[in-house]
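Peer 1:
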Ligand SMILES: Nc1ncnc2c1ncn2[C@@H]1O[C@H](COP(=O)(O)OP(=O)(O)OP(=O)(O)O)[C@@H](O)[C@H]1O
Ligand SMILES: [Mg+2]
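Residue numbers (the working numbering), protein chains in the order written: chain A, 1 to 239; chain B, 240 to 541; chain C, 542 to 905.
In structure tokens:
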């Protein structure tokens with residue numbers, strides 16, 4: 001990690017009503033770093049992203065963005081700072097066209113010039129979106145919707161991109177495609193935090209990884225070392 | 240009267256239906272927008288119309304020229320819509336559907352009775368310029384009230400403007416996005432609060448426009464005048480599919496046509512039951528096609 | 542639950558005292574109450590029936606009905622038409638069809654037929670409507686209310702249309718109202734604590750779970766709807782024979798709104814809450830209504846302030862929904878039985894405080 005962390009979680013505890021989902025979680029993300037967040041179902045990965053994005057207020061602990069405390073701020077404000085989440089289950093706006101979805105991705109910028117530039121960029125990254133700009137997003141296939149969701153997030157020129165299970169429910173070939181795109185983004189220097197069930201793919205891409213279990217961090221290491229130690233992954237991911 | 244079934248009769252019906260439907264469509268749009276962004280069936284929409292009419296009357300009595308009166312009434316409606324959202328609805332955002340519905344009921348009762356207190360329950364004449372009340376005779380026994388023309392033209396203009404707004408502008412797109420998936424919208428930096436205020440402002444302005452035509456039609460205003468229109472707007476929304484702008488517009492015109500046709504064709508003995516039939520159709524549509532004619536939203540059933 | 546004989550004694554003692562108190566109030570009103578107080582008492586009991594019945598459906602099922610005043614109207618008009626003396630019918634309802642025109646029923650059967658009419662209509666519309674969910678039921682029942690009004694206005698042969706329906710015999714006494722209200726309360730209470738009540742509430746709190754264990758939501762809703770409509774119809778009949786003259790305007794939104802506020806104040810699903818809610822709302826609207834013609838505080842005069850009581854109701858409802866959505870009691874009940882327990886708990890708490898004040902702080 002070079003330079004001070006862009007994003008840092010310190011002893012974050014989060015709960016849904018009486019149910020605790022995170023028990024004192026700490027992690028950090030350096031500039032240009034790609035970090036994977038792994039763990040079995042129900043470990044609290046999505047919850048972590050929700051806390052970062054402000055959708056869930058932590059019970060205790062801090063979320064720091066470039067050294068500033070952001071927990072408790074409204075999600076829209078956090079998104080405007082450049083922390084963009086591409087949520088679980090894609091969540092494209094199905095009644096809106098592909099183009100409209102993309103335009104909304106650039107909502108936080110509010111700058112037609114950057115909008116045009118970004119649109120060009122994401123359409124080179126996902127060329128298949130180009131022919132479907134006028135279609136309602138609801139008519140796209142699952143894989144296409146995932147690409148649209150990522151493209152929409154990219155339209156915001158994110159400072160940090162949070163991805164929740166980008167490969168979920170996709171055919172293997174499409175998973176390849178998605179991860180290829182993510183690798184390109186990494187090469188361009190984008191800071192990313194990726195939640196994945198597909199540990200192999202995620203570790204190929206990531207610089208570092210954390211493994212969560214039942215709301216606690218059980219492992220934190222560089223991706224290459226974790227890749228050499230598949231037993232650990234197997235134990236903690238249960239496969 | 241024309242012989243029922245003659246070509247002339249149907250042309251007359253069409254004229255009337257377009258005039259009435261335009262008013263319903265304008266009223267329904269506001270209801271639909273507010274429902275879309277906060278799942279609130281805003282019964283107080285009707286009282287906004289009423290208040291807007293009184294603002295218009297006050298401006299008229301202050302000696303303003305009519306175009307300014309109209310603008311003032313529309314702007315007043317928008318302002319009132321925004322105020323209402325701030326004071327009464329924002330604090331209960333996220334409450335259950337029924338709590339929201341009751342809250343809007345209470346707001347409607349509150350505003351209506353405030354108006355009774357301020358202006359007395361009596362009906363007051365609202366003198367409209369001749370430009371709005373003239374009736375043309377384009378031939379045969381046809382009547383073409385200019386108010387129908389104004390209503391149709393006004394609706395066409397306002398609704399096209401709205402269509403452009405929600406498909407071409409950043410804010411308009413944000414509003415549709417927030418209506419469909421508020422969480423995903425927030426993750427892109429869209430503020431739900433801002434979008435909600437906007438929905439109230441635009442919807443109320445449309446209602447303010449509609450009430451000008453409505454008032455020109457009726458000739459008088461009173462504190463309870465918003466009640467029937469809001470119910471009709473509501474039926475229009477259900478017919479077209481609740482929560483979408485297209486649905487509201489389509490439903491408004493269909494409702495207008497339905498009422499005019501029932502009015503024209505029912506024997507005089509049972510024409511009084513017209514409204515019962517209209518609300519019967521409301522219930523029927525809820526049962527067989529809860530998502531309305533356009534059917535975007537499948538109402539969940541138990 | 543082990544109950545000590547002392548506690549049991551307490552309970553029966555309290556119940557006895559409560560019954561005596563009620564009987565005392567009744568006798569005092571009956572014998573010595575002013576006409577104004579008697580009138581308020583009867584109206585209170587009728588409103589109470591309306592609120593308890595609405596609560597019996599809405600509170601227990603969680604599904605909102607905006608159409609209950611329609612059932613009230615059905616009960617009122619039915620029993621009024623049935624009890625109207627034949628001579629009066631010739632004058633007031635000359636177009637009434639034959640069997641109705643030539644018969645007059647005594648109060649009780651007419652009242653009960655009114656209740657059945659309301660219940661029958663409720664079952665009829667309930668079968669389709671109650672399958673809907675959430676505010677769609679509210680909307681559909683609202684449609685029913687409006688349809689009822691249109692029919693009342695147009696079926697002139699039966700209702701005199703918009704004109705006032707007059708000459709209804711003044712059968713409703715404090716005694717009748719008290720009797721029916723007690724019956725209504727009793728049934729509501731029993732229903733709430735019956736297995737049907739449990740099913741209804743299970744369906745309300747967790748529709749999917751309830752269906753999983755075999756509760757037919759539509760069926761339990763329908764039963765609650767029918768019973769609720771029956772008592773609402775009875776209340777309408779009592780009301781008709783109390784006021785003796787009314788028009789369709791009485792059965793519309795202001796009444797609907799009033800009943801809803803009373804229910805919400807007391808708490809959705811609470812029988813005793815309904816009593817409290819009706820009492821509180823009636824007291825405050827009565828107060829505000831008396832201020833409507835205008836009043837003076839010192840040298841300041843206010844008014845006339847028509848609409849003040851409605852404004853009061855509206856503000857009350859908005860405040861409740863914003864700050865205390867569950868009303869006074871939620872779906873809990875005030876229980877006489879609980880009083881001794883409360884007292885004991887309170888005493889125990891005081892003891893703890895006396896012995897060690899720190900214990901209480903740790904208590905959440
Ligand atoms: N909306 C919610 N309400 C209540 N509990 C929730 C909610 N969302 C998640 N939880 C609980 O919080 C815990 C963590 O869930 P979370 O969704 O963060 O897990 P995850 O690691 O993302 O799992 P998955 O791989 O299934 O997506 C789980 O026990 C879950 O049951
Ligand atoms: Mg998850």
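Glycine included, C-beta positions come from ideal geometry on N, C-alpha and C.
Note that the structure is a prediction, hence the values are computed from the model and not measured.
What in chain A is Cβ-close to residue 329 of chain B, meaning under 9 Å?
Peer 2: The sequence position of residue 329 of chain B within the second chain is 90, counting from 1. Under the 9 Å cutoff, chain A gives no residues; its nearest Cβ is about 14 Å from residue 329 of chain B.
Peer 1: Can you tell me whether residue 251 of chain B is buried or exposed? The criterion is at least 16 other CB atoms within 10 Å of its CB, across all chains shown.
Peer 2: For this step, residue 251 of chain B is matched to residue 12 along the second chain. Buried, by the Cβ-count rule.
Peer 1: Under 7 Å, CB to any heavy atom of ligand 2. Which residues pass, going along the chain?
Peer 2: Any residue whose Cβ sits closer than 7 Å to a heavy atom of ligand 2 makes the list: A:45, A:46, A:88, A:164, A:165, A:195.
Peer 1: Check whether the stretch 270 to 290 of chain B and the stretch 419 to 438 of chain B touch, using three or more Cβ-Cβ pairs below 8 Å as the test.
Peer 2: The stretch 270 to 290 of chain B, when compared against the stretch 419 to 438 of chain B, does touch it at the 8 Å Cβ threshold.
Peer 1: Which runs of the beta strand (DSSP E) at least 3 residues long sit entirely within the stretch 44 to 96 of chain A? Give them in chain order.
Peer 2: Correct list: 60 to 65, 83 to 86.
Peer 1: Of the residues C:597, C:598, C:864, which one's Cα is nearest the Cα of residue 330 of chain B?
Peer 2: What you label residue 330 of chain B is simply residue 91 of the second chain in a count that begins at 1. Answer by Cα proximity: C:864.
Peer 1: Please go through the same chain and pick out, in chain order, the residues whose beta-carbon is closer than 6 Å to the beta-carbon of residue 177 of chain A, but skip the five residues on each side of it.
Peer 2: Position 177 of the first chain, counting from 1, holds the residue named residue 177 of chain A. Taken in chain order, the list of residues that qualify is empty.
Peer 1: Can you grab the Cα-Cα spacing for the pair residue 63 of chain A / residue 9 of chain A, in whole Å?
Peer 2: Numbered from its first residue, the first chain carries residue 63 of chain A at position 63. Numbered from its first residue, the first chain carries residue 9 of chain A at position 9. If you take the alpha carbons of residue 63 of chain A and residue 9 of chain A, they lie about 5 Å apart.
Peer 1: Is it the case that the stretch 50 to 67 of chain A contacts the stretch 202 to 220 of chain A, given that we only count it when at least three CB pairs across the two stretches are under 8 Å?
Peer 2: Cβ pair count under 8 Å is below three, so no.
Peer 1: Work out the CA separation of residue 847 of chain C and residue 356 of chain B for me, nearest whole Å.
Peer 2: As a first step, residue 356 of chain B is located in the second chain; it is residue number 117 there, counting from the start. As a first step, residue 847 of chain C is located in the third chain; it is residue number 306 there, counting from the start. Residue 356 of chain B and residue 847 of chain C: Cα-Cα distance of roughly 6 Å.
Peer 1: Consult DSSP for residue 567 of chain C and reduce its assignment to one of helix, strand or coil.
Peer 2: Looking up residue 567 of chain C in the third chain gives position 26. Residue state, collapsed to three classes: helix.
Peer 1: Starting from the C-beta of residue 524 of chain B, find all residues in its chain whose C-beta is less than 7 Å away, skip the five residues before and the five after it, and write them out in chain order.
Peer 2: Position 285 of the second chain holds residue 524 of chain B. Cβ within range, chain order: 477, 478, 531.
Peer 1: Less than 9 Å between CB atoms is the rule here; does residue 854 of chain C satisfy it with respect to chain B?
Peer 2: Here residue 854 of chain C refers to the residue found at position 313 of the third chain. Yes, its Cβ sits closer than 9 Å to a Cβ of chain B.
Peer 1: Residue 178 of chain A CB to nearest chain B CB: under 9 Å?
Peer 2: For this step, residue 178 of chain A is matched to residue 178 along the first chain. Cβ-Cβ to chain B under 9 Å: no for residue 178 of chain A.
Peer 1: Under 9 Å, do residue 412 of chain B and residue 96 of chain A count as touching if we go by C-beta distance?
Peer 2: Along the second chain, one-based indexing puts residue 412 of chain B at 173. Along the first chain, one-based indexing puts residue 96 of chain A at 96. Cβ atoms of residue 412 of chain B and residue 96 of chain A: closer than 9 Å.
Peer 1: Within 10 angstroms of the Cβ of residue 561 of chain C, are there 16 or more other Cβ atoms? Answer buried if so, exposed if not.
Peer 2: Residue 561 of chain C sits at position 20 when you count from the first residue of the third chain. The residue is exposed, with fewer than 16 neighbouring Cβ atoms inside 10 Å.
Peer 1: Would you be able to state if there are at least three C-beta pairs under 8 Å between the stretch 92 to 106 of chain A and the stretch 32 to 41 of chain A?
Peer 2: Judged by Cβ distances under 8 Å, the stretch 32 to 41 of chain A makes no contact with the stretch 92 to 106 of chain A, as fewer than three pairs qualify.
Peer 1: Does DSSP put residue 705 of chain C in a helix, in a strand, or in coil?
Peer 2: The residue given as residue 705 of chain C occupies position 164 in the third chain. In this structure, residue 705 of chain C counts as coil in the three-state DSSP scheme.
Peer 1: Over the uninterrupted beta strand (DSSP E) stretch that includes residue 20 of chain A, give me the two end residues.
Peer 2: Within the first chain, the letter at position 20 stands for residue 20 of chain A. Element bounds for residue 20 of chain A: 19 to 29.
Peer 1: Taking 9 Å as the CB-CB limit, is residue 420 of chain B close to chain A?
Peer 2: Along the second chain, read from residue 1 onward, the residue named residue 420 of chain B stands at position 181. Output row for residue 420 of chain B: interface = yes.
Peer 1: Taking all protein chains shown into account, do 16 or more other C-beta atoms lie within 10 angstroms of the C-beta of residue 826 of chain C, making it buried, or fewer, making it exposed?
Peer 2: One-based indexing of the third chain puts residue 826 of chain C at position 285. When all chains shown are included, residue 826 of chain C counts as buried.
Peer 1: Start and end of the beta strand (DSSP E) containing residue 11 of chain A?
Peer 2: Here residue 11 of chain A refers to the residue found at position 11 of the first chain. Residue 11 of chain A -> beta strand (DSSP E) spans 7 to 16.
Peer 1: First and last residue of the beta strand (DSSP E) that includes residue 222 of chain A?
Peer 2: For the purposes of this step, residue 222 of chain A is taken as the residue at position 222 of the first chain. That run of the beta strand (DSSP E) goes 216 to 222.
Peer 1: CA-CA distance, residue 189 of chain A and residue 414 of chain B?
Peer 2: Along the first chain, one-based indexing puts residue 189 of chain A at 189. Along the second chain, one-based indexing puts residue 414 of chain B at 175. Approximately 33 Å between the Cα atoms of the pair.
Peer 1: Under 9 Å between C-beta atoms, does residue 806 of chain C make it to chain B?
Peer 2: Numbered from its first residue, the third chain carries residue 806 of chain C at position 265. Chain B, which has no Cβ nearer than 9 Å to the Cβ of residue 806 of chain C, makes this no.
Peer 1: Answer with yes or no whether the minimum CB distance from residue 596 of chain C to chain B is below 9 Å.
Peer 2: The residue given as residue 596 of chain C occupies position 55 in the third chain. Judged by the 9 Å Cβ criterion, residue 596 of chain C is not in contact with chain B.
Peer 1: Using only CA atoms, which one of B:383, B:317, B:340, B:399 lies nearest to residue 484 of chain B?
Peer 2: Against the second chain, residue 484 of chain B aligns to sequence position 245. Answer by Cα proximity: B:399.
Peer 1: If we require 4 or more residues per run, which alpha helix (DSSP H) segments fall completely within the stretch 421 to 503 of chain B?
Peer 2: Whole alpha helix (DSSP H) segments, 4+ residues: 421 to 425, 431 to 457, 466 to 479.
Peer 1: Given 8 Å as the limit, tell me if residue 212 of chain A has its C-beta closer than that to any heavy atom belonging to ligand 3.
Peer 2: Summarising the ligand content, the structure contains ligand 1 and ligand 2 and does not contain ligand 3.
Peer 1: Could you check whether the Cβ of residue 42 of chain A sits closer than 8 Å to any heavy atom belonging to ligand 1?
Peer 2: Here residue 42 of chain A refers to the residue found at position 42 when the first chain is read from its first residue. Yes - ligand 1 has a heavy atom lying nearer than 8 Å to the Cβ of residue 42 of chain A.
Peer 1: When the distance is taken between beta carbons, is residue 129 of chain A closer than 9 Å to residue 147 of chain A?
Peer 2: To locate residue 147 of chain A, count along the first chain from 1; it is residue 147. To locate residue 129 of chain A, count along the first chain from 1; it is residue 129. Yes, the pair counts as a contact, with Cβ atoms nearer than the cut-off.
Peer 1: Count Cβ pairs between the stretch 281 to 294 of chain B and the stretch 308 to 328 of chain B that sit closer than 8 Å; are there 3 or more?
Peer 2: The stretch 281 to 294 of chain B is in contact with the stretch 308 to 328 of chain B.
Peer 1: Compute the minimum distance between the beta carbon of residue 564 of chain C and the heavy atoms of ligand 1, and state whether it is under 8 Å.
Peer 2: Within the third chain, residue 564 of chain C is the residue found at index 23, counting from 1. Answer for residue 564 of chain C: no, Cβ out of range of ligand 1.
Peer 1: Whole alpha helix (DSSP H) runs in the stretch 148 to 218 of chain A with 4 or more residues, listed along the chain?
Peer 2: The stretch 148 to 218 of chain A contains these whole alpha helix (DSSP H) runs: 172 to 187, 199 to 205.
Peer 1: Look up residue 542 of chain C in the DSSP assignment and say whether it is helix, strand or coil.
Peer 2: By one-based count along the third chain, residue 542 of chain C stands at place 1. Its pLDDT being 47, under 50, residue 542 of chain C is placed unreliably in this model, and the coordinates cannot settle the point.
Peer 1: 9 Å is my cut-off, CB to CB: does residue 250 of chain B come that close to chain A?
Peer 2: Taking the first residue of the second chain as 1, we reach residue 250 of chain B at position 11. It does not; no Cβ of chain A falls within 9 Å.
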